[in-house]
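Read top to bottom, the protein sequences are chains A and B.
Residue numbering for the first sequence is 1 to 265, as defined by our numbering.
Residue numbering for the second sequence is 1001 to 1225, as defined by our numbering.
We treat Cβ as the ideally placed atom computed from N, Cα and C, and that holds for glycine.
Comments concern the structure below.
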Amino acid sequence: MSLQRRTFIALALAAGAGLFPSTAAFADSALDGVMAKKSIAIAIPTDFPPYGFVGTDMAPQGLDVDMAKLIAARLGVAVELVPVSSANRIPYLQTHKADLVISTLGKNPEREKVIDFTAAYSPFFQAVFAPKTLSIKSAADLGGKSVGVTRGAIEDMELSKIAPPTADVKRFEDNNATVSAFVSGQVQVIATGASVAGNMMARNPQLGTEFKLLLKESPNYIGVAKGDDKLRLKINEIIAAARASGEIDRLCQKWLGRGAGDLPN
Amino acid sequence: MVQLDFAAVLVDWPLLLRGAAFTLGLTAVASVLGLALGVACARARTHGPAWLRAIAAAYVELIRNTPFIVQLFFIFFGLPSLGLRLSSEAASIIAMTLNLGAYAAEIVRAGIESTPRGQLEAARSLAMTEGQVFLKVVLPPSLGRVWPAMVSQIVIVMLGSAVCGQIAAQELSYYTNLIMSRNFRSFEANFVAAALYLAMAVLLRQLLTWAGPRWIFGRIAPAGR
């Protein structure tokens, strides 16, 4: 075997090892790694005002971003914000590219199979919105209409359950594409989170969009890697303290214009 | 180590199959239209009047120097504000056709410009019209010479159609992402999709290499004979 060939194989093995990190790292709590390197990687949305969006100064801001900063501050570490989309935020956590997901994440049984959730930190609901001229009184009225939704989001799951087979559900990659499709008239109806709809309605009053059907009340939780109880319990402590001190209420008032209300644990 | 579970993805095989068929359908329509557009632009750039050459050149440069996804988003999200509203399928086909057309124009032009002068002079001395010379003498052997490059470009356009899922065209990567967002099996879903794309690309290349000499430009005597 020539030297070049051996070098090549060694390099290939090294590259392979890099792609599949050792299992030992997964067994430990992400909290140990965070405290050791004095920095926590938190996945946040950048397409989801007012929870997470990019301001005119190009820096991420919003309720989720403030929550991420609050948690990093309580842990006494630096925060590394990782922008994610609705579709890829869970893979980021699964592949340990992020220690926490604070990305307007709702809890459902499918997700609970693959990741764990902390206590809730902010209120949220998903609904169906459409122009006033379109009559939608029940899920059956969605039949024959084109409905835009962001793939993989809670509203996608809920809509898929109630929409009649004749509804033309169009799934888009992220909230920007879904909103663009609705605003440009590519879909007649939009199923999305209240905050996205509120922002869209404020910017496009000419569309005459209104609330039609409630899909789900779904408070936001922080996602942690499956089985990482040490990190989850630590975050729960921080959330409980922030609720008690009124900090979470202040954040909700600042970004949502309403208090946190009753949040489940 | 992550536990792999391909069954969780393969159980949705009807969706994967429907997506693969849709990708092939998009590619088939866009290939035929894009090839025709490419030949027309190549003809315009080599034989057309100056203003037509300028238009064809501008189109080719515009398409070849902008990303496909931007072209696609412009057609799907941008044109409605000008009053032209297209379905995601129509927008995908138009974007793929325009994209292939620009690259095909340059590929075909290379073939046309490599036509030996003697053949042109011989055709003209037989009193063929310019149109006849182009269609019967110049174009078929030109296509034959550039066919391998053309086949590669068509395969590239087929693989590029993976981004059409972003505007909810229900092709293979759209269903892959849908399955992934349901069961979170991203490695397996992407692995299966990659295998399907690979198989489709190999088959498409074989098919076009076989079909070209038989159906599109005829058998050509090898050069130098």
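Here A/Arg151 carries a coil assignment [DSSP, helix/strand/coil]. Contact of B/Arg1053 with chain A by beta-carbon distance below 7 angstroms is absent, the smallest such distance being about 35 angstroms. A distance below 8 angstroms between beta-carbons, with the five flanking residues on each side excluded, links A/Phe53 to the following residues of its chain, in chain order: Pro45, Thr46, Asp47, Pro60, Gln61 and Gly62. Excluding sequence positions up to five before and after A/Met201, its CB lies within less than 6 angstroms of the CB of Thr209, all in the same chain and listed in chain order.
Collapsing the DSSP output to three states places A/Phe53 in a strand. For the C-beta of A/Gly152, the chain B residues within less than 7 angstroms are, from N- to C-terminus, Ser1181.
Relative to the Cα of B/Ala1095, the nearest Cα in the group B/Leu1198, B/Ala1162 and B/Val1192 belongs to B/Ala1162. Listed along the chain, the chain B residues whose CB falls inside 8 angstroms of the CB of A/Glu155 amount to none; the nearest CB is some 12 angstroms away.
Not flagged as an interface residue toward chain B: A/Pro45, since no C-beta distance is shorter than 8 angstroms.
Annotated three-state conformation of A/Ser103 is strand, per DSSP.
Taking a Cβ-Cβ cut-off of 8 angstroms, the neighbours of A/Ile90 in chain B comprise Phe1184, given in sequence order. Rounded to the nearest whole angstrom, the CA to CA distance from B/Phe1217 to B/Leu1196 is 30 angstroms. By the Cβ test, the region 122-133 of chain A is not in contact with the region 81-90 of chain A, since fewer than three Cβ pairs between them sit closer than 8 angstroms. Assignment of B/Arg1064 by DSSP, reduced to helix, strand and coil, places it in the helix class. In the displayed model, A/Arg171 falls within a strand according to three-state DSSP. Look at A/Gly223 here: in three-state DSSP terms it is strand.
In this structure B/Val1146 does not touch B/Thr1209 by the C-beta definition: roughly 13 angstroms separates them, more than the 8 angstroms allowed. Here DSSP, grouped into helix, strand and coil, assigns A/Leu231 to helix.
The CB of A/Val114 comes closer than 8 angstroms to the CB of Phe1184 in chain B, given here in chain order.
Rounded to the nearest angstrom, the gap between the Cα atoms of B/Val1137 and B/Ala1168 is 44 angstroms. Among the residues facing chain A, B/Asn1099 is not included, as its CB has no counterpart in that chain under 8 angstroms away. With contacts defined as CB atoms closer than 8 angstroms, A/Ile42 and A/Ile102 qualify as a contacting pair. For the region 1032-1096 of chain B, not one full-length beta strand (DSSP E) segment reaches 3 residues or more. Around the C-beta of B/Met1158, 16 or more other C-beta atoms lie within 10 Å, and the residue is accordingly described as buried. Annotation: the continuous beta strand (DSSP E) that includes A/Ser122 extends over Ile115 to Ser122. Chain-ordered, the chain A residues with CB closer than 7 angstroms to the CB of B/Leu1178 read Arg151 and Arg171. In this structure, the straight-line span from the alpha carbon of A/Phe211 to that of B/Ala1090 is close to 30 angstroms. Residue state for A/Asp47 is assigned as strand, using DSSP reduced to three classes. Contact of A/Gln126 with chain B by beta-carbon distance below 7 angstroms is absent, the smallest such distance being about 15 angstroms.
Neighbours of B/Arg1085 across chain A, judged by C-beta separation under 8 angstroms: Ser184, Gly185 and Gln186.
Each residue's CA atom was taken as its position, placing A/Met35 and B/Leu1079 some 51 angstroms apart. Distances from the CA of B/Arg1109 to each of B/Leu1026, B/Gln1003 and B/Leu1037 were compared; the closest alpha carbon is that of B/Leu1037. A/Lys234 is classed as buried because its beta carbon has at least 16 other beta carbons within 10 Å across all chains shown. Taking every protein chain shown into account, the CB of A/Glu173 has 16 or more other CB atoms within 10 angstroms, so this residue is buried. In the three-state DSSP reduction, A/Ala130 falls in the strand class (E or B). Close CB contacts of A/Glu217 within its chain, under the 7 angstroms cut and outside five residues either way in sequence, are with Phe125 (chain order).
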